[in-house]
Amino acid sequence: MRKPDKPFYFNTSEHLLRIGRQKAGTLSELWQALQTCPDDSIFQHTFRTLQEHHFIRQGFSNDFAHWCLSACNEPVLAEQLASVDVREFTAIGGLRRRMVGIVDDFLQQHSRSGSNAAHEPFYFCAADIVVLPTPFSPDSLPGFIDGLKQVSVHSIHHHFIEARLRLHLMSNDFSQWLEEEVGLSHAAAAIERIDIYTNTMEGVRQQIATIVEHALN
Amino acid sequence: MNSPSEDQRAAVSNSSTDSLTEAESLAETASPGPVRPEPARADGRRLPASVLTPPPPAPSPHLDDYRNIIGDGPLDALRFLARDLKGKSIKMVNSTAVGGGVAEMLNRLVPLLSELEVPTHWDVITGGNDFFEVTKAFHNALHGSPYELTKAAQEIFLTYNEQNRERLQFGEEMVVIHDPQPVGLIRSGESSRASWVWRCHIDLSNPDAHVWEFLRPFVERYDAAIFSSQSFARQLPIPQYLFYPCIDPLSEKNKDLPDAVVQKICDEFGVDRSRPIVTQVSRFDRLKDPLGVVQAYKLAKKYVDCQLVLAGGGASDDPEGAVVLQEVKEAAGTDPDIIILDLPPWCALEINAIQRASTIVVQKSLKEGFGLTVTEALWKGKPTIASAVGGIPNQIIHKLTGVLVHSVEGCAFQIRYLLTHPDFAKRIGASGREHVKENFLMTTNVKRWLLLFRILDRAKSRRGFGR
């Protein structure tokens, strides 16, 4: 462990939801729209929705899975889509291909499901994003822990989940800083392994703090 | 706060409440009227004296009053966003200064924006009875009622919009026009540096084609439009943003209440807090399906003990409401555990207390706008059973932030289930509150306005002056 050369700048991001031009009323339409909708729509319904529903511990992973279950009554497809971990992807293109592939495979095996009308349409949305600073820019590990405990869950989401799309790395801002600036590789790896789909964002915050406090001690 | 002048209060009043539900008709800012003769409860007992006259209006909260609710981070974000807009101002224009959900919302929003040093000016359009009749007809037509759009109606609409356009000043950097009545004011935007936004509060998912085709060319000239639900949006060549309706957590309807106050109000209404309480808060209106709620209660009561509270209003002022109330009384019969409360519109505190005392809240509407009564219940951490209609599915994620039902039988079953699984009920109640905190609070909408202002302002700067 060493004193960091660079502080960690806690930022946060705020989002304004835009209603897109596409919607899907059947699984076939979903499959088509998944291929053509803008990248920021895929981002909204996968990465961003985790922030909107950060307080839910179980049963909510992405909007596509939720719609397949609640509006289309297709639990098999819903589970398959829900199993996609957004953190496996450093670019939206790969995530889009995975989603399209899952729906395509399902429709190949259940061709009649493709044309069944959903209870309600799926509206493709996107978000305009503004990144904001916070008052926290610690240059020490105790300061980092203090900032971590005080920033909003939006900040946690920004650094822990959205970061990999910025970094184009299978990592997050916290792990990157701990490894590169402080030399805590084990803590960095442990943080990267936290399961965001079985924790609330508050739970994720507490786990990160625990890992770093353990490393500090 | 720059609120409409007395002259401007004599304005066309077309309430846009339809998509904002009856929460607005029970708004604490409803104009007080003369003291009515003491009303009886629908079950024959007298309402307490405390509800017979409107209370004085509560002072508007300040931004720091929200700190304990939303936390330092979100409050700091608001201040940072506003600081970026220093020196710029907003104009809000709607059709009425008093009554209706839009006016109630602006009464809260305008002072908060101004407190953030984003001066916000509120103007109200004026017009005669002929304009009122045309815009009311437009309102109904946009909700799907058939309507013959005449040349005369178009002329009246255009004439009053032009008169208001000549009267009003538009020196602000962002101008927000609320709902269809003043949509024609966009003509002033053509020579303006400002960003012009059309905020639509009504359900446009199934409009009369002729009326929409008449209004659409105006809407398309705005820089952006805002809708309350994805399903209300239209195919437009401009960005369309989603601003959910919101509640004020510090209002009389939603603020925290000491348990003693809740107890006192329950005692006054004869509600027994030692036994489970199932409550629906709604006007006595067929679309709220109070008879369906009574049926669901009776089905559930075969298995679990509970009381049913139906708290609403409108029966005294609405002939159909009076008929519905009578039907509800007949359905309730002599059951002492069905408590029917026909409350005046200013009983926000009483509604608050009843919601807080409830074990479960129900909203079994047949049709709904957004459903702010659901938002209120979720904010109070109440496990909520609601119909999957209108904006309710945006608020209730089934079995996560509440439960959605589609029938009397479904409602009855969920009442039984929630009353016998208190841990699950508590969990979804807690998640429901967090969902409101994230998406449906007044401070979230303040943030949305600041974000929109910033995004449009920067886009305009990049493009250079001109539309």
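These protein sequence lines are chains A and B, in that order.
Note that our numbering numbers the first sequence so that position 157 is 163, with each residue one more than the last.
Note that our numbering numbers the second sequence so that position 419 is 445, with each residue one more than the last.
Glycine included, each C-beta is placed from N, C-alpha and C at the ideal position.
Could you tell me if the beta carbon of His204 of chain B falls within a distance shorter than 7 Å of some heavy atom in the ligand PLP? No copy of the ligand PLP occurs in the structure displayed, which carries no ligand at all.
Out of B:Ile203, B:Val429, B:Phe183 and B:Ala251, state which residue places its alpha-carbon closest to the alpha-carbon of Val415 of chain B. For this step, residue 415 of chain B is matched to residue 389 along the second sequence. With respect to the C-alpha of Val415 of chain B, the residue from B:Ile203, B:Val429, B:Phe183 and B:Ala251 having the closest C-alpha is B:Val429.
Chain A beta carbons: is any one of them nearer than 8 Å to that of Lys84 of chain B? Translated into the one-based positions of the second sequence, residue 84 of chain B becomes position 58. A quick correction: the sequence has Ala, not Lys, at residue 84 of chain B. Not an interface residue.
So what's Thr32 of chain A in DSSP terms, helix, strand or just coil? Numbered from its first residue, the first sequence carries residue 32 of chain A at position 26. Three-state result, Thr32 of chain A: coil.
Supposed contact pair Pro316 of chain B and Val354 of chain B - C-beta distance, whole angstroms, cut 8 Å: Position 328 of the second sequence, counted from the first residue, corresponds to residue 354 of chain B. Position 290 of the second sequence, counted from the first residue, corresponds to residue 316 of chain B. Between Pro316 of chain B and Val354 of chain B the Cβ distance is about 5 Å, and since that is below 8 Å, they are a contact.
Minimum Cβ-Cβ distance from Arg24 of chain A to chain B less than 8 Å: Position 18 of the first sequence holds residue 24 of chain A. Interface residue, yes.
For Asp110 of chain A, is the classification buried or exposed, using 16 other Cβ atoms within 10 angstroms of its Cβ as the cut-off for buried? Here the question's residue 110 of chain A lines up with position 104 in the first sequence. Exposed, since its Cβ has fewer than 16 Cβ neighbours within 10 Å.
Could you check the C-alpha separation between Ile217 of chain A and Ser177 of chain A for me, to the nearest Å? On the first sequence, residue 217 of chain A is found 211 positions in, with the first residue counted as 1. On the first sequence, residue 177 of chain A is found 171 positions in, with the first residue counted as 1. Those two C-alpha atoms are separated by around 16 Å.
Should the segment 154 to 169 of chain B be regarded as contacting the segment 105 to 114 of chain B, the criterion being three or more beta carbon pairs within less than 8 Å? Taking a cut-off of 8 Å for Cβ pairs, the segment 154 to 169 of chain B and the segment 105 to 114 of chain B do not touch, as fewer than three such pairs fall below it.
Taking Cβ to Cβ, would you say His204 of chain B is nearer than 8 Å to Val119 of chain B? Mapped onto the second sequence, residue 204 of chain B falls at position 178. Mapped onto the second sequence, residue 119 of chain B falls at position 93. Contact annotation: His204 of chain B and Val119 of chain B have beta-carbon atoms nearer than 8 Å.
Inside the segment 129 to 209 of chain A only - alpha helix (DSSP H) runs reaching at least 4 residues: Those alpha helix (DSSP H) runs which fall completely within the segment 129 to 209 of chain A and span 4+ residues are 147 to 156, 159 to 166, 169 to 173, 179 to 183 and 191 to 198.
Restricting to runs no shorter than 4 residues, where is the alpha helix (DSSP H) found entirely within the segment 418 to 493 of chain B? Listed in chain order, they are 418 to 421, 434 to 446, 448 to 465 and 468 to 489.
Under 8 Å between C-beta atoms of Gly120 of chain A and Thr32 of chain A: Translated into the one-based positions of the first sequence, residue 120 of chain A becomes position 114. Translated into the one-based positions of the first sequence, residue 32 of chain A becomes position 26. For Gly120 of chain A and Thr32 of chain A, yes; Cβs fall inside 8 Å.
Verify whether the separation of the beta carbon atoms of Ala322 of chain B and Ala451 of chain B is less than 8 Å. What you label residue 322 of chain B is simply residue 296 of the second sequence in a count that begins at 1. What you label residue 451 of chain B is simply residue 425 of the second sequence in a count that begins at 1. Cβ distance not < 8 Å, so Ala322 of chain B and Ala451 of chain B don't count as in contact.
Rounded C-alpha distance that separates Glu126 of chain A from Lys12 of chain A: Counted from its first residue, the first sequence places residue 126 of chain A at position 120. Counted from its first residue, the first sequence places residue 12 of chain A at position 6. In this model, Glu126 of chain A and Lys12 of chain A are separated by some 50 Å (Cα to Cα).
Could you name the residues of chain A that Tyr267 of chain B contacts, counting a contact when the two beta carbons are closer than 9 Å? Position 241 of the second sequence, counted from the start, is the residue given in the question as residue 267 of chain B. Leu22, Leu23, Arg24, Ile25 and Asp134, listed in chain order.
Following the continuous alpha helix (DSSP H) through Lys355 of chain B, name the residue where it begins and the one where it ends. Walking along the second sequence from the start, residue 355 of chain B turns up at place 329. Unbroken alpha helix (DSSP H) run through Lys355 of chain B: Pro345 to Ala358.
Using the C-alpha atoms, what's the distance from Glu464 of chain B back to Gly455 of chain B? Within the second sequence, residue 455 of chain B is the residue found at index 429, counting from 1. Within the second sequence, residue 464 of chain B is the residue found at index 438, counting from 1. The alpha-carbon atoms of Gly455 of chain B and Glu464 of chain B are separated by roughly 14 Å.
Listed from N- to C-terminal order along the chain, which residues in the segment 118 to 132 of chain A have their beta-carbon within a distance smaller than 8 Å of any beta-carbon of chain B? Contact residues of the segment 118 to 132 of chain A toward chain B are His125, Glu126, Pro127, Tyr129 and Cys131 (C-beta to C-beta distance below 8 Å).
Ignore the nearest five residues each way along the sequence and tell me which others in Ala196 of chain A's own chain have a CB closer than 8 Å to its CB. As a first step, residue 196 of chain A must be located in the first sequence, where it is residue number 190. In chain order, Ile217 place their CB closer than 8 Å to the CB of Ala196 of chain A, counting only its own chain and leaving out the 5 sequence neighbours on each side.
Indicate whether at least one CB of chain A lies closer than 8 Å to the CB of Arg25 of chain B. Only positions 27 to 493 of chain B appear in this structure, which leaves residue 25 of chain B out of reach.
Taking the alpha carbon of Ser384 of chain B as the reference point, which residue from B:Phe466, B:Asp90, B:Leu262 and B:Val304 has its own alpha carbon closest? Position 358 of the second sequence, counting from 1, holds the residue named residue 384 of chain B. Per the Cα distances, B:Val304.
May I have a chain-ordered list of the beta strand (DSSP E) segments no shorter than 3 residues that lie completely inside the segment 187 to 219 of chain B? Runs found: 200 to 204.
Tell me whether Glu126 of chain A sits in a helix, a strand or coil according to DSSP, three-state version. What you label residue 126 of chain A is simply residue 120 of the first sequence in a count that begins at 1. Annotated three-state conformation of Glu126 of chain A is coil, per DSSP.
For the alpha helix (DSSP H) containing Met105 of chain A, list its first residue and its last residue. Here residue 105 of chain A refers to the residue found at position 99 of the first sequence. Its alpha helix (DSSP H) spans residues Ile98 to Gln115.
The alpha helix (DSSP H) enclosing Leu317 of chain B, as first and last residue numbers: Stepping through the second sequence from its first residue, residue 317 of chain B is reached at position 291. Where Leu317 of chain B is concerned, the enclosing alpha helix (DSSP H) starts and stops at Pro316 to Lys327.
Please tell me whether Leu138 of chain A has its Cβ less than 8 Å away from any Cβ of chain B. As a first step, residue 138 of chain A must be located in the first sequence, where it is residue number 132. Yes, because at least one Cβ of chain B sits closer than 8 Å to the Cβ of Leu138 of chain A.
Best match in B:Phe269, B:Ile422 and B:Arg299 for proximity to Gln381 of chain B [C-alpha to C-alpha]: The sequence position of residue 381 of chain B within the second sequence is 355, counting from 1. Of B:Phe269, B:Ile422 and B:Arg299, the residue nearest in Cα terms is B:Arg299.
So which residues of chain B does Pro141 of chain A contact, with C-beta pairs closer than 9 Å? For the purposes of this step, residue 141 of chain A is taken as the residue at position 135 of the first sequence. The contacting residues are Asp98 and Asp102.
Just checking, does the segment 83 to 96 of chain A make contact with the segment 19 to 32 of chain A on the three C-beta pairs under 8 Å criterion? As far as the Cβ criterion goes, the segment 83 to 96 of chain A does not touch the segment 19 to 32 of chain A, which means the pair count is below three.
Inspect the beta-carbon positions of Ser221 of chain B and Asp249 of chain B and report whether they are closer than 8 Å. For the purposes of this step, residue 221 of chain B is identified with residue 195 of the second sequence, where counting begins at 1. For the purposes of this step, residue 249 of chain B is identified with residue 223 of the second sequence, where counting begins at 1. Yes, Cβ-Cβ distance for Ser221 of chain B and Asp249 of chain B is below 8 Å.
Using the Cβ count rule (16 or more neighbours within 10 Å means buried), how would you classify Leu426 of chain B? By 1-based counting over the second sequence, the position of residue 426 of chain B is 400. By the 10 Å Cβ count, Leu426 of chain B comes out buried.
CB contact flag (Ala251 of chain B, Gln266 of chain B, <8 Å): In the second sequence, the residue the question calls residue 251 of chain B occupies position 225. In the second sequence, the residue the question calls residue 266 of chain B occupies position 240. Their beta carbons are under 8 Å apart, which means Ala251 of chain B touches Gln266 of chain B by this criterion.
For Glu58 of chain A and Glu192 of chain B, I'd like the C-alpha separation in whole angstroms. Within the first sequence, the letter at position 52 stands for residue 58 of chain A. Within the second sequence, the letter at position 166 stands for residue 192 of chain B. Using only the alpha carbons, I get a separation of about 43 Å.
Is the Cβ-Cβ distance between Pro74 of chain B and Glu294 of chain B less than 8 Å? Taking the first residue of the second sequence as position 1, residue 74 of chain B is located at position 48. Taking the first residue of the second sequence as position 1, residue 294 of chain B is located at position 268. It is a contact, given that the beta carbons lie within the stated cut-off.
Identify, in the order they occur along the chain, each residue of the same chain with its Cβ nearer than 6 Å to the Cβ of Thr146 of chain B, setting aside the five sequence neighbours on each side. Mapped onto the second sequence, residue 146 of chain B falls at position 120. Once the five neighbours on either side are set aside, the close Cβ partners of Thr146 of chain B are Ile116, Val136, Leu139 and Ser140.
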